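Novice: Numbering (our numbering), first residue to last: 374 to 667. Below you'll find the structure I mean.
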């Protein structure tokens, strides 16, 4: 998916575990299929998972989680990853990595939700809880700055998509939605805590309800519009309104949230269309959902 990905296999993971966590050396190691783009996941026995960055940027995310997950967990209504071991570079592997407690659940799929309204309520409860966190010395969330900071990359993605006619993206309509987001009033209150990457692949559901939220590598403080992603990347129109009402989102924040979600999809689609089917499929869904909303 990316240039300069570090090769990772079962043998490397076994060696890292044996060297740094010998108490777990006898447990089975098995690659876990994932649509993730930054990390490789390996089940370790029945109750743990090893997460190793594939690229250098992911190492920063690992360190972020090791520092902040234990602090955030007591404030949140859903389960989040629990770091059981902080791994260090070794065996030719160059970056930090982690062992987490395994969290059970299924990934939700847009268009196939069994209880979308209840899920919308759960997601709103999680986002509201994140916003209420008051932990000091918070980092800036990835993508949490002004909408305009995304403009150059978003414009480049639309230009690239215009050259891929088989994707059938109405780039004129997308450009109009993006322009509206750029023109919307910005967030002028103190920044709030965000997950900042509420993609379907970072949510776990059980019997249709939100059971856990994972992958906090982008977390930090910023514009609350950043955590409105599920409105368009997962929820149908009626549940989208439930989500908005539960969070009491004002018009400007909603417009920025829609634009940010669209931007992420426009950037992801040309990048992942041949390398990550799950990411490309969700990007197409987001673009349709946003443009159908008008």
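Don't be surprised by glycine CBs; every beta carbon is placed ideally from N, CA and C. Predicted model, so just to flag it, every value in this text is computed and none were measured.
(1) Are the CB atoms of residue 662 and residue 605 nearer to each other than 7 angstroms?
(2) In angstroms with no decimal places, state the Cα-to-Cα distance between residue 596 and residue 398.
(3) Quick check on the DSSP output: the beta strand (DSSP E) that includes residue 473 runs from which residue to which?
(4) So, does the stretch 518-538 touch the stretch 582-589, judging by three or more C-beta pairs under 8 angstroms?
(5) How far does the alpha helix (DSSP H) with residue 503 in it reach, from first residue to last?
(6) Indicate the three-state DSSP secondary structure (helix, strand or coil) for residue 608 in the structure shown.
(7) Expressed to the nearest angstrom, what Euclidean distance is found between the alpha-carbon atoms of residue 578 and residue 548?
(8) Can you tell which of 535, 486, 666 has the C-alpha that lies nearest to the C-alpha of residue 580?
(9) Check whether the Cβ atoms of residue 599 and residue 504 lie closer than 7 angstroms to each other.
(10) Under 7 angstroms between the Cβ atoms of residue 568 and residue 506?
(11) Sort out for me which residues DSSP pairs residue 513 with in a bridge.
(12) Mind checking whether residue 607 and residue 573 have CB atoms under 7 angstroms apart?
(13) Looking at residue 538 and residue 571, is the spacing between their C-beta atoms short of 7 angstroms?
(14) From what residue to what residue does the alpha helix (DSSP H) around residue 627 run?
(15) Rounded to a whole number of angstroms, what is the C-alpha to C-alpha distance between residue 624 and residue 482?
(16) Residue 438: buried (16+ other C-beta within 10 angstroms of its C-beta) or exposed?
(17) Going by DSSP in three states, residue 458 sits in which element: helix, strand or coil?
(18) Taking the alpha helix (DSSP H) that residue 383 falls in, what are its first and last residues?
(19) Using a threshold of 7 angstroms, state whether the C-beta atoms of residue 432 and residue 469 are closer than that.
(20) Report yes if the CB atom of residue 454 is closer than 7 angstroms to the CB atom of residue 466, and no otherwise.
(21) Under the DSSP definition of a beta bridge, which residues are partnered with residue 403?
(22) Taking the continuous alpha helix (DSSP H) assigned at residue 452, which residues delimit it?
(23) Confirm, please, whether the CB-CB distance from residue 656 to residue 642 is below 7 angstroms.
(24) Which stretch, first to last residue, makes up the beta strand (DSSP E) that contains residue 579?
(25) Near residue 401, which residues of its chain fall below 8 angstroms by C-beta distance, leaving aside the five closest residues on each side in sequence?
(26) Taking residue 480 as the reference, which of 633, 660, 471, 652 has the closest Cα?
(27) Where residue 639 and residue 560 are concerned, what is the direct C-alpha to C-alpha distance, given to the nearest angstrom?
(28) Looking only at its chain, what residues have a beta carbon closer than 7 angstroms to the beta carbon of residue 616, apart from the 5 residues adjacent to it on each side?
(29) Determine the burial state of residue 637: buried for a count of at least 16 other Cβ atoms within 10 Å of its Cβ, exposed for fewer.
(30) Tell me where the alpha helix (DSSP H) around residue 551 begins and ends.
Specialist: Reading off the structure:
(1) Cβ atoms of residue 662 and residue 605: closer than 7 angstroms.
(2) 43 angstroms
(3) 470-474
(4) Of all C-beta pairs linking the stretch 518-538 to the stretch 582-589, fewer than three are shorter than 8 angstroms, placing the two stretches out of contact.
(5) That run of the alpha helix (DSSP H) goes 489-505.
(6) coil
(7) Straight-line measurement puts the Cα of residue 548 at about 34 angstroms from the Cα of residue 578.
(8) Here the closest residue by C-alpha is 486.
(9) no
(10) no
(11) 594
(12) yes
(13) no
(14) 624-645
(15) 27 angstroms
(16) Residue 438 should be labelled buried.
(17) strand
(18) 383-393
(19) yes
(20) no
(21) 416
(22) Unbroken run through residue 452: none, as it is neither H nor E.
(23) yes
(24) 576-579
(25) Answer for residue 401: 416, 417, 418, listed in chain order.
(26) Distance check between residue 480 and each of 633, 660, 471, 652 places 652 closest, using alpha-carbon atoms only.
(27) 23 angstroms
(28) Answer for residue 616: 493, 496, 497, 603, 604, 608, listed in chain order.
(29) buried
(30) Run containing residue 551: 544-556, per the alpha helix (DSSP H) assignment.
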